[in-house]
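Colleague: Quick note: the sequence shown uses my numbering, first residue 1, plus one each step.
For every residue, glycine included, the Cβ atom is placed at its ideal position computed from N, Cα and C.
The structure presented is a predicted model; accordingly, all values stated were derived computationally and were not measured.
Provided herewith is a single structure, encoded as structure tokens, for subsequent inquiry.
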Amino acid sequence: MDKKIKFIFAYLKELFPNPETELHYSTPFQLVVAVMLSAQATDIQVNKVTDTLFKKIKTPENLLEI
């Protein structure tokens, strides 16, 4: 890994040792989906939508099926 990238990751880890989010998710895939949605809506609204969405969509393959 490039020295600059390592420096940035170390710096961010120092600034945010235990990052938290208000988004609801169970898997890394669900987190990515929730983050993408949160770019256009509030976390509160995203959680309302994903509570229903994630009952049907648990994997990228599930998303392709709809």
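Note the first and the last residue of the continuous alpha helix (DSSP H) segment covering N18.
Modeller: The count along the sequence shown starts at 1 and reaches residue 18 at position 18. Here N18 belongs to no alpha helix (DSSP H), and DSSP marks it neither H nor E.
Colleague: Starting from S38, follow the alpha helix (DSSP H) in both directions and report where the run begins and ends.
Modeller: Taking the first residue of the sequence shown as 1, we reach residue 38 at position 38. Run containing S38: P28 to S38, per the alpha helix (DSSP H) assignment.
Colleague: Can a CB atom of chain C be found closer than 8 Å to the CB of T21?
Modeller: The displayed structure is made up of one protein chain only, and chain C is not part of it.
Colleague: So what does DSSP say about T59, is it helix, strand or coil?
Modeller: The residue given as residue 59 occupies position 59 in the sequence shown. Residue state, collapsed to three classes: coil.
Colleague: What's the C-alpha gap between S38 and F16?
Modeller: Here residue 38 is taken as the residue at index 38 of the sequence shown, counted from 1. Here residue 16 is taken as the residue at index 16 of the sequence shown, counted from 1. Roughly 20 Å separates the two Cα atoms.
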